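Residue numbers (mature numbering (1 follows the signal peptide of the UniProt record, and there is no 0)): -25 to -1, 1 to 326.
This is the structure we're talking about:
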């Protein structure tokens, strides 16, 4: 992977560098340019089939067919692929065993790099992994919905900078709407205020947030956006429908690489549910009996840069791993190299 040696051949098209934007036009064949982002680690556009969070955690660099494209055609993951298995890998850097790791995630507490000794009986090789303390959040273990599927009147109060909610917030404490007419209203402290012919200066209650799909949340309540499943939002004053940026919303922190280093180094890939490509529900590992199903009628030579590897298999973009007899509801496909993307079909798709 990386910049191929043939880049320097005089027979190729001119190499174009735009250093200010961190962009390189990268010819793979004469007249066929791709663009690799040297600095960018994030793809902001919602790109179907792209497990963006996973590739970013691996410190992979997106590669675009054209400079103006928003979605990558593949990634280069040299940093992880060349990293030492006896060192922990975190955000593109090697971490020595025994060292503490600050992930920036308030739920990752007491994390450190640990070198696991080989265990032949379990077919485990010597490898460095990250261990963190287990955190339980009692308030969040309780459902926000009652047995009839209705939202409870009080829900856990969340913060982007804290792991667990320490209190609940109730819809009854949400702020009242006040107009310019004479107002007589009860406020949180149980007092009444009369205001005539002016905007009422009522002490603030909790804010209410309404999303574009007409869902309502109370200040401090956590919610997700249907069109941006990799964002987690918290209702705060000033939120308007359609908003997906700070301080209300942040990218979901999956911690996939941090928690599943061993599976990844053994060639396993994230398993997603349905069409989501945010946080995986598990990992899917290669099997010696796996085969490739391809729709390509005329076989051409494999281009390593346009190939996904899964165990001993090499798949072209569009190729699929033939579903196993015991796992008919798992589908793995080469969509955005270098890794295949696997998803667990929904109940409706499997029935």
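Quick reminder that beta carbons are idealized off the backbone N, C-alpha and C, glycines included. In this text the structure is predicted, and so the values were computed from the model without any measurement.
{"Asked": "C-beta contact flag for residue 203 and residue 185 at 8 Å", "Found": "no"}
{"Asked": "Spatially closest choice to residue 110 from 201, 139, 248 and 296, by CA coordinates", "Found": "139"}
{"Asked": "Classification of residue 103 by the beta-carbon crowding that lies within 10 angstroms, buried from 16 upward", "Found": "buried"}
{"Asked": "Closest by C-alpha distance to residue 317, when choosing among 325, 326, 323 and 298", "Found": "298"}
{"Asked": "Residue range of the alpha helix (DSSP H) that includes residue 325", "Found": "322 to 325"}
{"Asked": "Meets three-Cβ-pair contact criterion under 8 Å: the segment 219 to 231 and the segment 52 to 62", "Found": "no"}
{"Asked": "Buried/exposed call for residue 271, threshold 16 Cβ in 10 Å", "Found": "exposed"}
{"Asked": "Start and end residues, alpha helix (DSSP H) containing residue 306", "Found": "That residue, residue 306, is in no alpha helix (DSSP H); its beta strand (DSSP E) goes 305 to 308."}
{"Asked": "Closest by C-alpha distance to residue 183, when choosing among 200, 201, 205 and 145", "Found": "145"}
{"Asked": "Bridge partners - residue 75, DSSP secondary structure assignment", "Found": "87"}
{"Asked": "Cβ pair residue 222, residue 136 closer than 8 Å", "Found": "no"}
{"Asked": "Option in 78, 263, 95 and 107 with minimal Cα separation from residue 89", "Found": "107"}
{"Asked": "Residue interval of the alpha helix (DSSP H) (run including residue 226)", "Found": "Segment 224 to 226 is the beta strand (DSSP E) holding residue 226; no alpha helix (DSSP H) there."}
{"Asked": "CB of residue 267 within 8 Å of CB of residue 288, strictly", "Found": "yes"}
{"Asked": "For residue 33, the three-state DSSP class (helix, strand or coil)", "Found": "coil"}
{"Asked": "Same chain, Cβ closer than 8 Å to residue 143, neighbours up to 5 away in sequence not counted", "Found": "114, 129, 130, 131 and 132"}
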